[in-house]
Amino acid sequence: MFSAEFGSDAKKFIKKTDKEIARRIIEKIEKLKIEPFPSDVKRVVGKKEKIFRVRVGDYRIQYSVFYDKNTIFVSDIDKRERAYN
Numbered sequence: 439m440f441s442a443e444f445g446s447d448a449k450k451f452i453k454k455t456d457k458e459i460a461r462r463i464i465e466k467i468e469k470l471k472i473e474p475f476p477s478d479v480k481r482v483v484g485k486k487e488k489i490f491r492v493r494v495g496d497y498r499i500q501y502s503v504f505y506d507k508n509t510i511f512v513s514d515i516d517k518r519e520r521a522y523n
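Structure representation (structure tokens):
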């Protein structure tokens, strides 16, 4: 099982968003800790690093997987229209 770390943008989003949306996002991250590459994962194109994204309704979770540290780093969470800027 992987552990999860959050970047400042992801932490900020979780704190300011609606509690129900935050709960759904946290549930998805808990599932990513068990299976970091579910069937609905996509690689973010145009990034130098290997960044992946999964959907939670209208929201996108962007993350990287570090096997050497057994960690998932959640770099950003945002609505789809703002997630890729």
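The opening residue of the sequence shown carries number 439 in the numbering used here; numbering runs sequentially from there. Built from N, CA and C at the ideal position, the CB exists for glycine as well. The structure displayed is predicted, hence computed values, not measured ones.
For a cut-off of 8 angstroms, the C-beta gap from Ile-459 to Tyr-497 is around 7 angstroms, short enough to register as a contact.
Sixteen is the threshold: when 16 or more other Cβ atoms of the shown chains lie within 10 Å of the Cβ of Pro-474, as they do, the residue is buried. Going by DSSP, Asp-496 is part of no beta strand (DSSP E) at all; its letter is neither H nor E. In this structure, Thr-509 sits near Ser-441, with a CB-CB distance shorter than 9 angstroms.
By a beta-carbon distance limit of 8 angstroms, Gly-484 does not contact Arg-462. Their separation comes to about 27 angstroms.
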